[in-house]
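The block underneath contains the structure these notes are about, expressed in structure tokens.
Protein chains: 2
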Amino acid sequence: MTRFVCRDCGLDFDVNVPRWRCDCGGLLDLDFTPHLDPDRLAGRPATLWRYREALPVPDGAELTLGEGFTPMLPVEIGGREVLVKQEQLFPTGSYKDRGAAVMMAMAAHIGVDRVVEDSSGNAGCAVSAFAAKAGIRCRIFVPADNSPGKLGQIELYGADLVPVPGSREDTASACMAAASDCYYASHVYNPYFFHGTKTFAYEVAEQLGWKAPDAVVLPAGNGTLLLGAHIGFTELLGLGLIDRMPKLVAVQSANCAPLCAAFEAGAREVSQVATAPTLAEGIAIGLPMRGEQMLEAVRETGGTCLAVSEEAVLAAFRDMGRKGFCIEPTSAAVVAGAAEYVRTADADEVVVTVFTGHGLKVGDKLHKLAGGV
Amino acid sequence: MTRFVCRDCGLDFDVNVPRWRCDCGGLLDLDFTPHLDPDRLAGRPATLWRYREALPVPDGAELTLGEGFTPMLPVEIGGREVLVKQEQLFPTGSYKDRGAAVMMAMAAHIGVDRVVEDSSGNAGCAVSAFAAKAGIRCRIFVPADNSPGKLGQIELYGADLVPVPGSREDTASACMAAASDCYYASHVYNPYFFHGTKTFAYEVAEQLGWKAPDAVVLPAGNGTLLLGAHIGFTELLGLGLIDRMPKLVAVQSANCAPLCAAFEAGAREVSQVATAPTLAEGIAIGLPMRGEQMLEAVRETGGTCLAVSEEAVLAAFRDMGRKGFCIEPTSAAVVAGAAEYVRTADADEVVVTVFTGHGLKVGDKLHKLAGGV
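Those sequence lines, one after another, are chains A and B. Note that our numbering numbers the first sequence so that position 327 is 309, with each residue one more than the last. Note that our numbering numbers the second sequence so that position 273 is 255, with each residue one more than the last.
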């Protein structure tokens, strides 16, 4: 029986009753037992729902916009071949659809009719789209100084925007306050979101013929993909579908690298660090709520944390473009991290990385970033 | 043996020698015999290259960015269920990748190292991306008054932009002049492009369990998808994989509807008509070069031509957004056409239509179109 479990005090809760943290304030995980028989996958649609026995959503509650089973293509990065999951090809333009599909399917299943979320970026888009698909009313809290152009996609999906004056933290606080009587469809707190992003690992393993790669290079902002991948590969190992864990390599912008700082310092927890603006806006998180968990995932798998410069991000962005791939700058940071990783990796390592979001996400700024005149 | 064949004089030419029209000036088709054994498809990647025996490109010459086999989802349109191919999920954000992938694969195969094309829209993006992937140098001719923001994606793919003063026709003329000593990667003239877009029909048939739908509602600008679908369904019928042709329904903006005018007048050829600006920019073609062929495809299949108003386009755009789909306004015109078609269709008809391009294509205009304030 699937239960919410508090990471701090171990208390557990019914998953059919909306809840986003423990009474003690601790973060929630899911106690869930996946099943999967690869022989039953043939003929199933090429979406993440092909792994339905491994998803904590009852049969028949699936919610889909056609998301998942993204292509994994060989791309030359850092002078050698790296396998890149094309997560920019999700319906809303980013891998966040993995988390939103599963989370909103469960929300709809337990009868939720209104949700709140705080994200003006890819998570906000994904939650809005799947809320629209489910017929669930959605309010997205955003900093009041957000540029209107950035919000067009969320508006199109019919979500109500709630501008909040002040800092990004003020926006989060306002959303949490609203979450006291409304389902909090959070890409940070809600463990169903991570049980959506874990399908990334299932797809990688299936696309490699049920093998684990040697290393997986992933973005590290709030850790939605890093932690999802960790859950997924751990489950696959438990199911006997892979025979070892891949190293998880976390990439941050050097201008906002709290995880890297904690990793290097040998710290157990992540602390706030000084930050500067970065092209990789999507992973510019000064203090990730699940930082401790992210450090554990990296260390436990023998991975590492890498910080990349603004110059490397822009160069990777343009290099991928010249190879035919239109990706968002945040995604280019991960590519730059992969290039850095393979510089010292064994030549025979199978390295997987990810294009996280579509370049069209940056709107009219694409022209300038592309080097246009 | 595959050959170019002139539609006007019947002269045929070697496909391994670059050529974009007949010596007589006529348009070229391909004389090509497809093969396909559906039993051999299981386990092949979910891209358009799964139909490789039906594609006029030699084995081993495939060129891929992971394109094709887009999901087909039921969507409520015009008060009933219509099946919608999610072609906005292609790598460059539109179905034009079908044509560009096949055309550029063939170009690379015959040793082409430079191409030209005239399109500042989705075709230009698709050709640029696959040229980048193939390592082929690409020049895109665009009207000099194009807004720079619109060209960012093409620039990112590394194509050289050639601004041409004057009208859209002046741009085409300049490109044709350049094509005298350079491969013309045209989405209008090059028949390989249409043998890429034909894979739309193969996917629809496979996704329906090797059956034809009753009607397919498609955009009609230059007819790249309409004619591709016609080739595809005709081939499938010849292969015995479907047992009848679906009706092909062509949709235009009422503000630019030369095909509709010719269809209603019973004319054999399409003539220039008066036009006005439209939200459906991607199908705003005043005089389609393959108009006669488009009329034949519609008439031969018992289809029809529909013109949709600007109000219907905007309403369909927003309606799809509220259902979780971010599509470009041109695509919304097709949805409006599908809504119009099903109003008088039999209740048991299986109707297929298409989201042609991603809403993120319109950049910062998305905010205003979405109804944002």
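Glycine is no exception: its CB is placed at the ideal position from the N, C-alpha and C atoms. Note that the structure is a prediction, hence the values are computed from the model and not measured.
Just to confirm before moving on: does the CB-CB distance between residue 105 of chain A and residue 45 of chain A stay below 8 Å?
Walking along the first sequence from the start, residue 105 of chain A turns up at place 123. Walking along the first sequence from the start, residue 45 of chain A turns up at place 63. No.
Enumerate in chain order the residues of its own chain whose CB-to-CB distance from residue 295 of chain B is below 8 Å, with the five nearest sequence positions on each side excluded.
Counting from one through the second sequence, the residue named residue 295 of chain B turns up at place 313. Answer for residue 295 of chain B: 235, 260, 261, 262, 311, 314, 315, 318, listed in chain order.
According to DSSP, is residue 62 of chain A helix, strand or coil?
Translated into positions along the first sequence, residue 62 of chain A becomes position 80. Strand, per DSSP.
Short of 7 Å in beta carbon distance, which residues of its chain neighbour residue 3 of chain A, apart from the five on each side in sequence? Order them along the chain.
Numbered from 1 along the first sequence, position 21 holds the residue referred to as residue 3 of chain A. Result list for residue 3 of chain A: 9, 10, 171, in chain order.
Rounded to whole angstroms, what's the CA-CA distance from residue 100 of chain A to residue 155 of chain A? Just pull it up for me.
Against the first sequence, residue 100 of chain A aligns to sequence position 118. Against the first sequence, residue 155 of chain A aligns to sequence position 173. Cα to Cα, the separation comes out at about 9 Å.
Kindly indicate the opening and closing residues of the beta strand (DSSP E) around residue 72 of chain A.
Numbered from 1 along the first sequence, position 90 holds the residue referred to as residue 72 of chain A. From DSSP, residue 72 of chain A is part of no beta strand (DSSP E); its letter is neither H nor E.
State the DSSP-derived secondary structure class of residue 348 of chain B, mapped to helix, strand or coil.
Along the second sequence, one-based indexing puts residue 348 of chain B at 366. Note: residue 348 of chain B maps to helix in three-state DSSP.
Taking Cβ positions only, does residue 266 of chain A come closer than 8 Å to chain B?
The count along the first sequence starts at 1 and reaches residue 266 of chain A at position 284. It does not: the Cβ of residue 266 of chain A has no partner Cβ on chain B nearer than 8 Å.
Distance check for residue 338 of chain A and residue 68 of chain A, CA to CA, integer angstroms please.
In the first sequence, counting from the first residue as 1, residue 68 of chain A sits at position 86. In the first sequence, counting from the first residue as 1, residue 338 of chain A sits at position 356. Between residue 68 of chain A and residue 338 of chain A, the C-alpha separation is close to 7 Å.
Here's the rule: buried if 16 or more other CB atoms are within 10 angstroms of the residue's CB, otherwise exposed. What is residue 188 of chain A?
Start at 1 with the first residue of the first sequence, and residue 188 of chain A comes out as number 206. The residue is buried, with at least 16 neighbouring Cβ atoms inside 10 Å.
Identify every residue that forms a DSSP beta bridge with residue 289 of chain B.
As a first step, residue 289 of chain B is located in the second sequence; it is residue number 307 there, counting from the start. DSSP lists B:234 as partners of residue 289 of chain B.
Is it the case that the region 270 to 279 of chain A contacts the region 248 to 258 of chain A, given that we only count it when at least three CB pairs across the two stretches are under 8 Å?
Touching, yes, given that three or more Cβ pairs across the two stretches are closer than 8 Å.
What three-state label does DSSP hand residue 307 of chain B in the structure shown?
Residue 307 of chain B sits at position 325 when you count from the first residue of the second sequence. Residue 307 of chain B: coil per DSSP, three-state reduction.
Along chain A, which residues have their Cβ under 8 Å away from the Cβ of residue 340 of chain B?
Here residue 340 of chain B refers to the residue found at position 358 of the second sequence. Those are 75, 340, 342, listed as they occur along chain A.
What would DSSP say about residue 274 of chain B, mapped onto helix, strand or coil?
Residue mapping note: residue 274 of chain B aligns to position 292 of the second sequence, counting from 1. Helix.
Once the 5 residues before and after residue 132 of chain B are set aside, which same chain residues still bring their CB inside 7 Å of it?
Working through the second sequence from its first residue, we reach residue 132 of chain B at position 150. Only 102 meet the Cβ criterion.
Starting from residue 123 of chain A, trace the beta strand (DSSP E) in both directions and tell me its first and last residue.
By 1-based counting over the first sequence, the position of residue 123 of chain A is 141. Per DSSP, residue 123 of chain A belongs to the beta strand (DSSP E) from 119 to 125.
Against residue 346 of chain B, what residues of chain A qualify as contacts under a CB-to-CB distance less than 8 Å, listed in chain order?
The residue you call residue 346 of chain B lines up with position 364 of the second sequence. In chain order: 131, 134, 345, 346.
Checking contacts by CB at 8 Å: is residue 137 of chain A closer than that to chain B?
Translated into the one-based positions of the first sequence, residue 137 of chain A becomes position 155. Output row for residue 137 of chain A: interface = yes.
In terms of residue numbering, what span does the beta strand (DSSP E) encompassing residue 107 of chain B cover?
The residue you call residue 107 of chain B lines up with position 125 of the second sequence. Per DSSP, residue 107 of chain B belongs to no beta strand (DSSP E); it is in the alpha helix (DSSP H), 104 to 116.
Name the DSSP bridge partner or partners of residue 382 of chain B?
Outside the shown range of chain B (-17 to 355) lies residue 382 of chain B, about which nothing can therefore be said.
Would you tell me roughly how many angstroms separate the C-alpha atoms of residue 216 of chain B and residue -3 of chain A, rounded to the nearest one?
Residue numbering aside, residue 216 of chain B sits at position 234 when the second sequence is read from its first letter. Residue numbering aside, residue -3 of chain A sits at position 15 when the first sequence is read from its first letter. If I take the Cα positions, the gap works out to 52 Å.
Leaving out five residues before and five after residue 279 of chain B in sequence, what residues of the same chain have Cβ atoms less than 7 Å from its Cβ?
Position 297 of the second sequence, counted from the first residue, corresponds to residue 279 of chain B. Result list for residue 279 of chain B: 208, 209, 212, 230, in chain order.
Looking at chain B, which residues of the region 41 to 70 of chain A have a Cβ within less than 9 Å of any of its Cβ atoms?
Listed by position, the residues of the region 41 to 70 of chain A near chain B (Cβ gap below 9 Å) are 46, 47, 48, 49, 51, 52, 53, 54, 55, 68, 70.
Residue 304 of chain B touches chain A at which residues, Cβ-Cβ below 9 Å?
By 1-based counting over the second sequence, the position of residue 304 of chain B is 322. Going along chain A in sequence order, the residues near residue 304 of chain B (Cβ under 9 Å) are 114, 138, 139, 140.
With distance defined between alpha-carbon atoms, name the residue in B:330, B:137, B:341, B:12 nearest to residue 65 of chain B.
On the second sequence, residue 65 of chain B is found 83 positions in, with the first residue counted as 1. The candidate whose alpha carbon is nearest that of residue 65 of chain B is B:330.
So, residue 124 of chain B versus residue 167 of chain B, is the Cβ gap smaller than 8 Å?
Stepping through the second sequence from its first residue, residue 124 of chain B is reached at position 142. Stepping through the second sequence from its first residue, residue 167 of chain B is reached at position 185. For residue 124 of chain B and residue 167 of chain B, no; Cβs fall outside 8 Å.
Would you mind telling me which residues of chain A sit closer than 7 Å to residue 349 of chain B, beta carbon to beta carbon, in chain order?
In the second sequence, counting from the first residue as 1, residue 349 of chain B sits at position 367. In chain order: 130, 131, 133, 134, 137.
Ends of the beta strand (DSSP E) at residue 197 of chain A?
In the first sequence, counting from the first residue as 1, residue 197 of chain A sits at position 215. Residues 197 to 201.
With 7 Å as the limit, tell me which residues of the region -6 to 16 of chain A have their beta carbon closer than that to any beta carbon of chain B; keep them in chain order.
The region -6 to 16 of chain A vs chain B, Cβ under 7 Å: nothing.
Can you check whether the C-beta of residue 205 of chain A is within less than 8 Å of a C-beta belonging to chain B?
Taking the first residue of the first sequence as position 1, residue 205 of chain A is located at position 223. No, no contact with chain B.
With residue 335 of chain B as the anchor, note down where its beta strand (DSSP E) starts and where it stops.
For the purposes of this step, residue 335 of chain B is identified with residue 353 of the second sequence, where counting begins at 1. Here the beta strand (DSSP E) through residue 335 of chain B covers 333 to 337.
Answer yes or no: do residue 40 of chain A and residue 221 of chain A have a C-beta to C-beta separation smaller than 8 Å?
Within the first sequence, numbered from 1, the residue matching residue 40 of chain A stands at position 58. Within the first sequence, numbered from 1, the residue matching residue 221 of chain A stands at position 239. Cβ distance not < 8 Å, so residue 40 of chain A and residue 221 of chain A don't count as in contact.
Along the alpha helix (DSSP H) that carries residue 150 of chain B, what are the first and last residues, could you check?
Locating residue 150 of chain B in the second sequence gives position 168, where the first residue counts as 1. Note, residue 150 of chain B: alpha helix (DSSP H), 150 to 160.
Looking at residue 218 of chain A and residue 184 of chain A, is the spacing between their C-beta atoms short of 8 Å?
By 1-based counting over the first sequence, the position of residue 184 of chain A is 202. By 1-based counting over the first sequence, the position of residue 218 of chain A is 236. Yes, Cβ-Cβ distance for residue 184 of chain A and residue 218 of chain A is below 8 Å.
Residues in the same chain with beta-carbon distance under 6 Å from residue 34 of chain A, minus the five sequence neighbours each way, listed in chain order, please.
As a first step, residue 34 of chain A is located in the first sequence; it is residue number 52 there, counting from the start. Within the same chain, residue 34 of chain A has no close Cβ partners at all.
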